[in-house]
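Peer 1:
There are 2 protein chains.
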Amino acid sequence: MKPKIADVANVAGVSPTTVSRVLNDRGYISEETRKKVHDAMKELKYYPNEVARSLYINKTFLIGLIFPTTSNPFYGQLIFHLENIASSLGYKVLLCNSEGREDKEKEYLEMLQRNQVDGIIAGAHNKEIEEYESTNLPVVGIDRNLSSKIPVVSSDNYHGGQLATELLIRQGCQKVIHINGPSDLDTPANLRRKAYEDVMRAHDLKPLTYEVEETDSPVIGQLFDENPQVEAIFASDDLIASNVIQEAKRRNLSVPDNVKVIGYDGTQTIRSIFPELSTVEQPIENIAQKALELLMKQIDGDDESLPLETILPVRLIESETTRV
Amino acid sequence: MKPKIADVANVAGVSPTTVSRVLNDRGYISEETRKKVHDAMKELKYYPNEVARSLYINKTFLIGLIFPTTSNPFYGQLIFHLENIASSLGYKVLLCNSEGREDKEKEYLEMLQRNQVDGIIAGAHNKEIEEYESTNLPVVGIDRNLSSKIPVVSSDNYHGGQLATELLIRQGCQKVIHINGPSDLDTPANLRRKAYEDVMRAHDLKPLTYEVEETDSPVIGQLFDENPQVEAIFASDDLIASNVIQEAKRRNLSVPDNVKVIGYDGTQTIRSIFPELSTVEQPIENIAQKALELLMKQIDGDDESLPLETILPVRLIESETTRV
DNA sequence: TTGTAAGCGTTATCAT
DNA sequence: ATGATAACGCTTACAA
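Which chain is which? The protein sequence lines are Y and W, in order.
The UniProt record's numbering puts the first residue of the first sequence at 1, with every later residue one more than the last.
The UniProt record's numbering puts the first residue of the second sequence at 1, with every later residue one more than the last.
1) Take Pro-256(Y) and list the residues in its own chain whose beta-carbon comes closer than 7 Å to its own, dropping the five residues that flank it on each side.
2) Might you give, ordered along the chain, the residues of its own chain that have their beta carbon closer than 7 Å to the beta carbon of Lys-104(Y), omitting 5 neighbours on each side?
3) Measure the C-alpha to C-alpha separation of Leu-62(Y) and Lys-45(W) and round it to an integer number of angstroms.
4) Beta carbons nearer than 7 Å to chain W: which residues of the segment 189-219 of chain Y have them?
5) Would you kindly report the start and end of the unbroken alpha helix (DSSP H) that includes Leu-167(Y)?
6) According to DSSP, is Asn-30(W) helix, strand or coil?
7) Along chain W, which residues have their Cβ under 8 Å away from the Cβ of Met-111(Y)?
8) Once you ignore the five residues that flank Asn-58(Y) on each side, which residues in its own chain have a CB closer than 6 Å to its CB?
9) Where in the segment 49-95 of chain Y do unbroken runs of the beta strand (DSSP E), each at least 3 residues long, occur, reported from the N-terminal end onward?
10) Considering only C-alpha positions, which residue in the set Asn-10(W), Glu-318(W), Gly-13(W), Ser-15(W) is nearest to Thr-168(W)?
11) If the cut is a Cβ gap below 7 Å, which residues of chain Y does Pro-48(W) touch?
12) How is Phe-274(W) classed by DSSP in three states: helix, strand or coil?
13) Name the one or two DSSP bridge partners that Leu-316(Y) has.
14) My understanding is that Ala-195(W) touches Gly-161(W), with C-beta atoms under 8 Å, so please give their C-beta distance in whole angstroms.
15) On the DSSP bridge list, what partners appear for Val-153(Y)?
16) Along the chain, which unbroken stretches of the alpha helix (DSSP H) at least 4 residues long are found entirely within the segment 225-305 of chain Y?
17) Could you give the C-beta distance for Leu-89(W) and Pro-48(W), rounded to a whole number, given that I count them as a contact under 8 Å?
18) Name the chain W residues that come within less than 8 Å of Val-51(Y), Cβ to Cβ?
19) Who are the near neighbours of Val-93(Y) in its chain, counting only those whose CB is closer than 6 Å to its CB and skipping five residues on each side?
20) Flag this pair as touching only if the segment 174-182 of chain Y and the segment 134-150 of chain Y have three or more C-beta atom pairs under 8 Å; answer yes or no.
21) Excluding five sequence neighbours on each side, which residues of the same chain lie with their C-beta closer than 7 Å to the C-beta of Asp-265(W)?
22) Measure the CB-CB distance between Asp-156(Y) and Pro-313(Y) and report whether it falls below 7 Å.
23) How would you call Met-200(Y), buried or exposed, if buried means at least 16 neighbouring beta carbons within 10 angstroms?
24) Distance, Cα to Cα, Asp-25(Y) vs Arg-53(W)?
25) Taking just the CA atoms, how far does Asn-227(Y) sit from Leu-205(Y)?
26) Which of the three DSSP states, helix, strand or coil, is assigned to Gly-221(Y)?
27) Output, in sequence order along the chain, the residues in the segment 264-275 of chain Y whose CB is closer than 9 Å to any CB in chain W.
28) Relative to the C-alpha of Leu-308(W), which residue among Val-11(W), Lys-106(W), Ser-71(W), Pro-188(W) is closest?
29) For a cutoff of 7 Å on Cβ pairs, would you count Arg-77(W) as touching chain Y?
30) At a CB distance below 8 Å, what residues from the segment 239-261 of chain W approach chain Y? Give them in sequence order.
31) Using only CA atoms, which one of Cys-96(Y), Asp-118(Y), Gln-116(Y), Gly-119(Y) lies nearest to Tyr-108(Y)?
32) Residues of chain Y with CB under 7 Å from Thr-70(W), in chain order?
33) Applying the 10 Å Cβ sphere with the 16-neighbour rule, what's the burial state of Asn-258(Y)?
34) Could you check whether the Cβ of Glu-318(W) sits closer than 7 Å to any Cβ belonging to chain Y?
35) Determine, using beta carbons only, whether Ile-121(W) and Ala-291(W) come nearer to each other than 7 Å.
36) Report yes if the C-beta distance between Val-212(W) and Ile-233(W) is below 7 Å; otherwise report no.
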């Protein structure tokens with residue numbers, strides 16, 4: 001069996017309390033016994049049992065991460081940074097892929113509570129889930145309004161939408177169409193659409209938005225069918241944007257000569273595979289950083305100074321797909 | 001404070017044991033008390049404390065996942081499936097991004113042991129780490145030989161290398177170059193290179209392999225500089241392949257007219273963003289499935305029938321970048 | 001059918 | 001400077 005503190009104590013010829021003291025550097029221990037204990041731990045290959053420790057101190061140093069899927073490069077990169085930063089703060093992460101399904105998200109939420117996580121960061125694509133209201137756990141949302149009291153971190157979606165739309169208009173396009181995800185999700189990402197519509201109207205252009213459920217939705221084909229004269233498309237994420245470009249190619253439309261396209265997110269992966277794609281880059285690492293900062297504040301009980309909304313700046317990346 | 005079994009017992013007017021029995025459906029309980037207990041749990045919003053439970057039953061239903069980074073679409077997709085399947089088996093996953101760093105991997109390994117995980121699945125890009133030898137935990141490696149006793153799951157790297165190389169030769173290329181990751185890692189992925197070299201020699205062609213540390217390595221430029229007459233490149237992953245294609249474009253070489261390129265992995269993300277890329281698709285979901293199956297066997301103590309090497313079939317995807 | 005009590009491995013309080 | 005003991009919330013013999 002795995003050695004426990006009592007075993008170490010036996011080998012070292014001291015009491016369990018003393019071993020615990022050495023382990024946690026608490027109280028006074030003579031150099032001699034400290035050494036004896038360390039030797040015993042090494043001899044037995046002793047590792048403290050964090051489960052027992054968690055039970056006693058009533059804290060697990062565990063954080064739950066609920067996102068649709070690590071498969072998507074945006075979430076993959078975000079989760080990478082979240083785990084990284086959490087780890088540097090001494091926290092471990094429990095990964096939950098909700099696939100945007102409400103039932104799965106609720107199950108995960110309960111599982112995380114049973115497992116006594118110290119906090120949750122969630123960004124799943126879901127409608128509001130009332131369970132977030134009732135939990136007393138520290139929670140932070142990313143690009144998603146979870147409840148009226150839960151802080152949200154997001155990039156400046158409105159400004160991003162402005163930058164993208166204005167770029168397309170500046171490049172001489174009038175017939176600019178927007179493609180967005182489902183609008184019934186309560187997410188600040190809806191501001192991308194709002195910004196697009198505002199900018200269009202400010203230029204006396206008629207906004208037109210298509211909604212897709214999946215990145216390779218047939219709606220994209222429909223868009224081209226219904227708008228043969230389309231000059232530019234602002235897609236609300238890079239995967240949709242690249243599907244738009246493929247559909248354009250299939251129709252022998254040249255990008256950017258016939259149609260200009262801009263996406264959103266600017267993940268490492270996309271920038272590496274498809275650097276020709278113009279996009280609005282989200283500050284993914286900063287989002288992760290800020291989310292954890294807000295979570296730590298809640299965990300440490302500094303609940304006063306919590307901003308309910310944190311908005312981080314985005315960056316326009318002009319590349320080939322929007323060239324004149 | 002959070003309610004515990006004793007609180008539920010008080011409200012229901014029974015003993016803690018009875019509550020535990022209801023919770024775990026063990027022993028005989030009258031319908032009446034069962035109902036009283038359930039009502040009390042609902043009233044108190046009681047969630048069992050899994051930490052306490054884990055301590056007693058000496059099992060956490062936790063699995064550690066050690067991979068370089070969720071940012072990379074291959075690992076992102078693999079981790080997605082691993083989490084998904086684990087979840088369906090009643091297990092939770094602790095995510096560790098090792099970034100291919102030996103020091104981080106060792107730290108994570110220790111952390112996972114302290115946290116009493118029931119098993120580990122690792123696929124980090126690292127040299128052999130002796131700590132894997134000494135641990136008594138169930139471990140499974142993915143595309144990576146962790147130690148002589150640890151089962152490894154991988155796709156058929158040799159066959160994949162053959163398929164890719166033979167395709168390029170079949171398309172009429174003679175001067176075919178291979179780009180691989182660092183060869184000092186002990187991974188079955190080295191077989192891709194071996195297969196390439198074998199196939200080349202079988203066709204009386206001279207194999208030439210370049211090694212890159214990063215997907216956007218300057219080595220790619222060097223390759224083109226040193227081999228202006230190169231006809232085809234077999235890259236050992238899709239990200240390298242797309243960097244090769246970009247470098248070719250920069251040099252005004254047309255793909256596939258001047259140079260043909262094939263990658264490896266065939267993740268959803270790449271297939272969606274860059275469907276023109278020919279590649280060898282790994283059966284990512286099956287790999288995850290198999291890895292968990294082998295891990296579960298170890299966890300359940302069925303250690304006899306454990307195959308040390310499991311090889312899953314790959315699929316050639318011919319697309320634009322290798323067209324004649 | 002239900003309850004009492006001990007124990008999982010740790011830490012903290014209070015002695016010594 | 002070190003040790004005995006109780007407690008964290010749960011499960012499981014063993015009793016009743």
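Note that the Cβ used here is the ideal one computed from N, Cα and C, for glycine as well.
Peer 2: Looking at the coordinates:
1) Reading the first sequence from its first residue, position 256 is the one you call residue 256(Y). Taken in chain order, the residues that qualify are Glu-320, Thr-321, Thr-322, Arg-323.
2) Locating residue 104(Y) in the first sequence gives position 104, where the first residue counts as 1. If we look at Lys-104(Y) and ignore the five residues flanking it on each side, its Cβ neighbours are Ser-98.
3) On the first sequence, position 62 is the one that residue 62(Y) refers to. On the second sequence, position 45 is the one that residue 45(W) refers to. Distance between the alpha carbons of Leu-62(Y) and Lys-45(W): 21 Å.
4) Thr-215, Asp-216
5) Residue mapping note: residue 167(Y) aligns to position 167 of the first sequence, counting from 1. 157-170 is the extent of the alpha helix (DSSP H) around Leu-167(Y).
6) Numbered from 1 along the second sequence, position 30 holds the residue referred to as residue 30(W). Per the sequence shown, the amino acid found at residue 30(W) is Ser instead of Asn. Looking at Ser-30(W) - three-state DSSP - the assignment turns out to be coil, as it is neither helix nor strand.
7) As a position in the first sequence, residue 111(Y) is number 111, starting the count at 1. In chain order: Lys-92.
8) Looking up residue 58(Y) in the first sequence gives position 58. For Asn-58(Y), where only same-chain residues beyond five positions count, there are no Cβ hits under 6 Å.
9) 62-67
10) Locating residue 168(W) in the second sequence gives position 168, counting from the first residue. Going by the sequence as given, residue 168(W) is Leu instead of Thr. Measuring from the Cα of Leu-168(W), the nearest candidate turns out to be Glu-318(W).
11) Along the second sequence, read from residue 1 onward, the residue named residue 48(W) stands at position 48. Near Pro-48(W) (Cβ distances below 7 Å), the residues of chain Y are Arg-114.
12) Taking the first residue of the second sequence as position 1, residue 274(W) is located at position 274. Coil.
13) As a position in the first sequence, residue 316(Y) is number 316, starting the count at 1. According to DSSP, which records beta bridges pairwise, Leu-316(Y) is partnered with Val-280(Y).
14) Within the second sequence, the letter at position 195 stands for residue 195(W). Within the second sequence, the letter at position 161 stands for residue 161(W). Sure, about 3 Å apart at Cβ, within 8 Å.
15) Along the first sequence, read from residue 1 onward, the residue named residue 153(Y) stands at position 153. Answer is Ile-142(Y), Thr-310(Y).
16) 238-250, 268-273, 284-299
17) Walking along the second sequence from the start, residue 89(W) turns up at place 89. Walking along the second sequence from the start, residue 48(W) turns up at place 48. Contact flag wrong, Cβ pair sits at about 19 Å.
18) Taking the first residue of the first sequence as 1, we reach residue 51(Y) at position 51. Per Cβ cutoff of 8 Å: Val-51, Ser-54, Leu-55, Thr-60, Asn-115, Gln-116.
19) Along the first sequence, one-based indexing puts residue 93(Y) at 93. For Val-93(Y), where only same-chain residues beyond five positions count, the Cβ hits under 6 Å are Ile-63, Leu-65, Glu-83, Ala-86.
20) no
21) Mapped onto the second sequence, residue 265(W) falls at position 265. These residues qualify, in order along the chain: Phe-74, Asp-237, Asp-238, Thr-279, Gln-282.
22) Translated into the one-based positions of the first sequence, residue 156(Y) becomes position 156. Translated into the one-based positions of the first sequence, residue 313(Y) becomes position 313. Yes, Cβ-Cβ distance for Asp-156(Y) and Pro-313(Y) is below 7 Å.
23) Position 200 of the first sequence holds residue 200(Y). Under this definition Met-200(Y) is a buried residue.
24) Stepping through the first sequence from its first residue, residue 25(Y) is reached at position 25. Stepping through the second sequence from its first residue, residue 53(W) is reached at position 53. When rounded, the distance between both Cα atoms is 28 Å.
25) For the purposes of this step, residue 205(Y) is taken as residue 205 along the first sequence, with counting starting at 1. For the purposes of this step, residue 227(Y) is taken as residue 227 along the first sequence, with counting starting at 1. Their backbone Cα atoms lie some 15 Å apart in a straight line.
26) The residue you call residue 221(Y) lines up with position 221 of the first sequence. In the structure shown, Gly-221(Y) sits in a helix (DSSP, three-state: H, G or I).
27) Thr-267, Gln-268, Thr-269, Ile-270, Ser-272, Ile-273, Phe-274, Pro-275
28) One-based indexing of the second sequence puts residue 308(W) at position 308. It is Pro-188(W).
29) Your numbering for residue 77(W) matches position 77 in the second sequence. Arg is not the amino acid found at residue 77(W); the sequence shown has Gln there. Yes, Gln-77(W) lies at the interface with chain Y (some Cβ there is under 7 Å from its Cβ).
30) Leu-239, Ser-242, Asn-243, Gln-246
31) Working through the first sequence from its first residue, we reach residue 108(Y) at position 108. For the residues Cys-96(Y), Asp-118(Y), Gln-116(Y), Gly-119(Y), the minimum Cα distance to Tyr-108(Y) belongs to Cys-96(Y).
32) If you number the second sequence from 1, residue 70(W) lands on position 70. Going along chain Y in sequence order, the residues near Thr-70(W) (Cβ under 7 Å) are Thr-70, Gly-76, Ile-79, Phe-80.
33) Walking along the first sequence from the start, residue 258(Y) turns up at place 258. Flag for Asn-258(Y) reads exposed.
34) Within the second sequence, residue 318(W) is the residue found at index 318, counting from 1. It does not; no Cβ of chain Y falls within 7 Å.
35) Against the second sequence, residue 121(W) aligns to sequence position 121. Against the second sequence, residue 291(W) aligns to sequence position 291. Contact: yes.
36) The sequence position of residue 212(W) within the second sequence is 212, counting from 1. The sequence position of residue 233(W) within the second sequence is 233, counting from 1. No. Outside cutoff.
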